[in-house]
Amino acid sequence: VSVHSGCAAGVLVGHPFDTVKVRLLLQVQNVDRPLYRGTFHCFQSIVRQESGLGLYKGIGSPMMGLTFINAIVFGVQGNAMRKLGSDTPLNQFLAGASAGAIQCVICCPMELAKTRMQMQGTGEKKSKRKLYKNSLDCLVRIYRREGVRGINRGMVTTLLRETPGFGVYFLTYDVLTRSLGCEPEDPYMIPKLLFAGGTSGIASWLSTYPVDVIKSRLQADGVGGVNQYSGIADCVRQSLRKEGWRVFTRGLTSTLLRAFPVNATTFATVTLFLLYMRDGEECGLRDPEPAAVQPAPALQSL
128 VSVHSGCAAG VLVGHPFDTV KVRLLLQVQN VDRPLYRGTF HCFQSIVRQE
178 SGLGLYKGIG SPMMGLTFIN AIVFGVQGNA MRKLGSDTPL NQFLAGASAG
228 AIQCVICCPM ELAKTRMQMQ GTGEKKSKRK LYKNSLDCLV RIYRREGVRG
278 INRGMVTTLL RETPGFGVYF LTYDVLTRSL GCEPEDPYMI PKLLFAGGTS
328 GIASWLSTYP VDVIKSRLQA DGVGGVNQYS GIADCVRQSL RKEGWRVFTR
378 GLTSTLLRAF PVNATTFATV TLFLLYMRDG EECGLRDPEP AAVQPAPALQ
428 SL
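In structure tokens form, the structure reads like this:
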């Protein structure tokens, strides 16, 4: 319950930044005459043209999927740490990476629906023609049209992003909590956890962001029945040729602005709940088993 509420709060806080990121990196505008000049201008434009609710398009998908993702991530990470035996930075990376890889089963369809919904009705306060009613309807329609392969569009790039991304997250978090001395009796434990969680989320995104750009473009491809890319390599090639290497950093500012509060919010909620329930007992952030309650990075989905 605590993990769910924490991640739900994180989704609510971070989703507007994610919508801005998707709009920026998918370049729904002409490359030479961009619709959005940057992060702040994109925020302004969405609110002015589509109202504040426009920033929350596609939020149903991560809200539906976060419980399943958390169950997978925390369970796999905890079991992996137990199998690996010792609590070392390397094992934290390996356990996190394994958790990241397995949760892609839920994460990939979830982000596909989220991306499609975020792109729907761009620049319109009231969409004249909605292709999808909601996130669930989006997945159902894609499944009917393209089958299982369709709802798993972008799975390879999702694996390439999530596997090292979760590994970097857990490794960074472990190193930071050790160096900061996060102990239950420390009066500054909560600020330290906020800092460690937010910084770990940023580190995770920085390590995999170029892959996320390609993943998002592939998942948005095919809307309207026209496919622009034949695969990962073709997407990379076309993106580089048309927009240069900077394409792989487009939307990064809003992503990092989102990463810190999302992870900080999640950590604060989970930690306070654990401290309340355990009534002063050690929350065991370093013990392999309780480590399974550590929040996942930017759930990119978050």
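Quick note: the sequence shown uses my numbering, first residue 128, plus one each step. In this text, a Cβ means the ideal position worked out from N, Cα and C, and glycines have one as well. Quick caveat: nothing in here was measured; it's all calculated off a predicted structure.
Query: ALA386 vs ILE329 beta-carbon contact at 8 Å; Result: yes
Query: C-beta atoms of LEU286 and CYS362 nearer than 8 Å; Result: no
Query: Neighbourhood of LYS342 by C-beta distance below 7 Å, restricted to the same chain and skipping five residues each side; Result: GLY281, THR284, THR285, ARG288
Query: For ASP301 and PRO216, the rounded distance between their alpha carbons; Result: 7 Å
Query: Backbone CA spacing between SER428 and SER213 [nearest angstrom]; Result: Only weak support is given to the placement of SER428: the predicted model assigns it a pLDDT of 39, under 50, and the value that follows is read from those uncertain coordinates. Cα to Cα, SER428 sits roughly 30 Å from SER213.
Query: Cβ shell of TRP332 (< 7 Å), same chain only, five flanking positions each side left out; Result: THR382, LEU383, ALA386, ALA425
Query: Pick from GLY187, LEU180, ILE186, LEU221 that is closest to VAL200, judged by C-alpha positions; Result: LEU221
Query: Exposed unless 16 or more other CB atoms sit within 10 angstroms - verdict on ASN218; Result: buried
Query: ASN390, DSSP secondary structure in three states; Result: helix
Query: Residue span of the alpha helix (DSSP H) that contains ASP301, given as start and end; Result: 282–307
Query: Spatially closest choice to GLN346 from ALA228, ASN279, THR146, by CA coordinates; Result: ASN279
Query: Residues near PRO388 in its chain [Cβ-Cβ closer than 8 Å; skip 5 each side]; Result: GLY137, VAL140, GLY141, GLY325
Query: Residue range of the unbroken alpha helix (DSSP H) whose run includes ASP339; Result: 316–347
Query: Alpha-carbon to alpha-carbon, MET208 and GLN355; Result: 42 Å
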